[in-house]
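Converting from the sequence shown to the numbering used here requires adding 83 to each position, the first position being numbered 1. Single-structure report; data block below.
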Amino acid sequence: MKQFGKVLKFELKKHLTSKGFVGVTIFLVVVIAIVMFIPRITALLESGEGDDTPTDLPVMLVKAESDDVASLMKEYFASAFPGYDVQTTAEGTDAIVEKITSGEVECAFALEGMTSYTYYVNNLSMFDEKTAVADGVLRDVYRVNAMLAGGMTEEQAADAMGVVIEGKVESLGKDQAQNFFYTYIMIFALYVVIILYGNMVSTSVATEKSSRAMELLITSAKPTAMMFGKVLAACIAGLTQLVLIFGSAALFYNLNKSAWGGNEIVSAFFDIPVSLLVYMAVFFILGFLIYAFLFGAIGSTVSKLEDVSTAIMPVMYLFIFGFMVVIFSMTSGSVDNTLMKVCSYIPFTSPMAMFTRIAMSTVPAGGIAASIAILIASTVGIGFLSAKIYRAGVLMYGTAPKLGSIIKAVLKA
84 MKQFGKVLKF
94 ELKKHLTSKG
104 FVGVTIFLVV
114 VIAIVMFIPR
124 ITALLESGEG
134 DDTPTDLPVM
144 LVKAESDDVA
154 SLMKEYFASA
164 FPGYDVQTTA
174 EGTDAIVEKI
184 TSGEVECAFA
194 LEGMTSYTYY
204 VNNLSMFDEK
214 TAVADGVLRD
224 VYRVNAMLAG
234 GMTEEQAADA
244 MGVVIEGKVE
254 SLGKDQAQNF
264 FYTYIMIFAL
274 YVVIILYGNM
284 VSTSVATEKS
294 SRAMELLITS
304 AKPTAMMFGK
314 VLAACIAGLT
324 QLVLIFGSAA
334 LFYNLNKSAW
344 GGNEIVSAFF
354 DIPVSLLVYM
364 AVFFILGFLI
374 YAFLFGAIGS
384 TVSKLEDVST
394 AIMPVMYLFI
404 FGFMVVIFSM
414 TSGSVDNTLM
424 KVCSYIPFTS
434 PMAMFTRIAM
444 STVPAGGIAA
454 SIAILIASTV
464 GIGFLSAKIY
474 RAGVLMYGTA
484 PKLGSIIKAV
494 LKA
């Protein structure tokens, strides 16, 4: 235990004081601070512009066959497009096109009847939904006219068109749409940290081996103390970085909560249930450990630092496979598909798969307990196996050892 403590303290200090750790953490905290203060900064800039500063709305032209229809349509379009200065025009198509291309007018609707029109706009955005709104406006006008022609009064037609449908949604489980954003952020953070710090563990082991320092270390400390100390130090460093980043985000959000004006997406991220944070910590720690042990063991088997990336590639592919399964399941809206259920109990994919199902679905308590138990047992087993590979691997030099020779060396260790 004393050897483990020394290794843990040394490796943790190396991670926490490295320029990469400090620089990346400070950079992300500053970026988050800027993002969280944007609404307040924007409000201050707008308040300093003065009351006499004109706030002109973009102009939208409406052209109809007659003045009466144009006047009626202006009223409907103004109601449907509150962010525009809706004006009527009797000018020809060429004049309308010239105004739009010159920037004087943003867009125009030339009505060719009560059920058809031509929409003019300079650059059509892929998110432009004005035609969909206009379709609804003309549909409502047509229905009102049909009702009036059928003998209904204007009041009866208005009541029929203005009927309010009240619907309630009672979710008996999880609301996937509400939980999607912060689940995606958490999964992506887990992915980045495991990839980043897992590579650091394998690179650190390979560097020490290439310098022959490991031959001295391995004779003065037990391989389990060396391996567990390195991996746990990297895990604590990664967890510390996540806490600092997300903690600063929560702090800056609370300082500017009123300025965000109840933004649903942002507020949903910072209203994460405490139970979900606990599950994230559990699956993060266990998921990190199981992959870091593998990365460390593989790093001990290579003789050259440049061979590390090639050696860990199979493990990387396995991890990326689990990540892609989770992302595709989330975006398809089916996090309880057969593949996700299977991945929830495979230790190499369960940290992401089971956590996603917990966050976006209803998973029985027994299923969660079984997944965590399998993951704990697998992590401990792989940890001790990695320590054996570590002890045998650091003494292998020359060409990259084959799997058979590694197994023989482990059995002898």
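The C-beta atom is built at its ideal place from N, Cα and C for all residues, glycine as well. Only a predicted model underlies this, so the values are computations on that prediction, with no experimental measurement involved.
Checklist entry - Which of helix, strand or coil does DSSP assign to valine 385? => result coil
Checklist entry - What does a CB cutoff of less than 6 Å around serine 433 pick up in its chain, not counting 5 residues either side in sequence? => result Ser427, Ser454 and Leu458
Next on the checklist: Am I right that threonine 171 and lysine 182 are in contact with their C-beta atoms under 8 Å? What's the rounded C-beta distance?
Outcome noted: With 8 Å as the limit, threonine 171 and lysine 182 do not qualify as a contact, their Cβ atoms being about 14 Å apart.
Item to check | Option nearest serine 287 by Cα separation, candidates Gly88, Ser101 and Lys85 | outcome: Ser101
Item to check | Straight-line Cα distance separating tyrosine 274 from proline 137 | outcome: Unreliable placement is indicated for proline 137, whose pLDDT of 46 sits below 50; the coordinate value is still reported in the next sentence. Answer to the nearest angstrom: the Cα atoms are 48 Å apart.
Item to check | Beta-carbon contacts of histidine 98 that lie in its chain and below 7 Å, excluding the five residues immediately before and after | outcome: Phe104, Ala316, Ala317 and Ala320
Next on the checklist: Excluding the 5 residues flanking arginine 226 on each side, which residues of the same chain have their C-beta closer than 7 Å to its C-beta?
Outcome noted: Met244
Checklist entry - Can the beta-carbon of phenylalanine 438 be found less than 8 Å from the beta-carbon of phenylalanine 366? => result yes
Checklist entry - Going by C-alpha distance, which of Ser185, Val220 and Ile472 is nearest tyrosine 159? => result Val220
Next on the checklist: Going residue by residue through the segment 167-219, where are the continuous beta strand (DSSP E) segments of at least 3 residues, counting only ones entirely within it?
Outcome noted: 168-171, 190-194 and 200-204
Checklist entry - Touch check for the segment 393-406 and the segment 355-362: three-plus C-beta pairs under 8 Å? => result no
Item to check | Proximity to proline 165 [Cα-Cα], best of Tyr202, Tyr400, Ile373 and Val216 | outcome: Val216
Checklist entry - Which residue from Phe411, Lys471 and Pro356 puts its Cα closest to that of phenylalanine 500? => result Residue 500 lies beyond the stretch modelled for the chain, which goes from 84 to 496, so this question has no answer here.
Checklist entry - Touch check for the segment 115-128 and the segment 322-339: three-plus C-beta pairs under 8 Å? => result yes
Checklist entry - What do you get for glutamate 94, buried or exposed, if any count of 16 or more other CB atoms within 10 angstroms of its CB means buried? => result buried
Item to check | Assumed close pair valine 284, glycine 186 - CB separation to whole angstroms, cut-off 8 Å | outcome: Wrong, their Cβ atoms sit about 57 Å apart, outside the cutoff.
Checklist entry - Beta-carbon separation of valine 90 and glycine 312 under 8 Å? => result yes
Checklist entry - Run through DSSP, which three-state label would valine 118 get? => result helix
Checklist entry - Span of the beta strand (DSSP E) holding leucine 144? => result 142-146
Checklist entry - Do you know offhand how far asparagine 420's Cα is from threonine 445's? => result 13 Å
Checklist entry - Once you ignore the five residues that flank leucine 140 on each side, which residues in its own chain have a CB closer than 8 Å to its CB? => result Gly166, Tyr167 and Asp168
Item to check | Continuous alpha helix (DSSP H) assignments of at least 4 residues falling wholly in the segment 306-365 | outcome: 306-338, 340-343 and 347-353
Item to check | methionine 230 versus glutamate 189 - alpha carbon distance | outcome: 34 Å
Checklist entry - Could you check where the alpha helix (DSSP H) with proline 434 kicks off and where it finishes? => result 433-443
Checklist entry - Anyone know if the C-beta pair for valine 152 and leucine 194 falls short of 8 Å? => result yes
Next on the checklist: Judging by CA-CA distance, which residue of Ser412, Pro122 and Arg474 is the nearest neighbour of lysine 305?
Outcome noted: Arg474
Item to check | CA-to-CA distance, alanine 161 to methionine 235, given in whole angstroms | outcome: 25 Å
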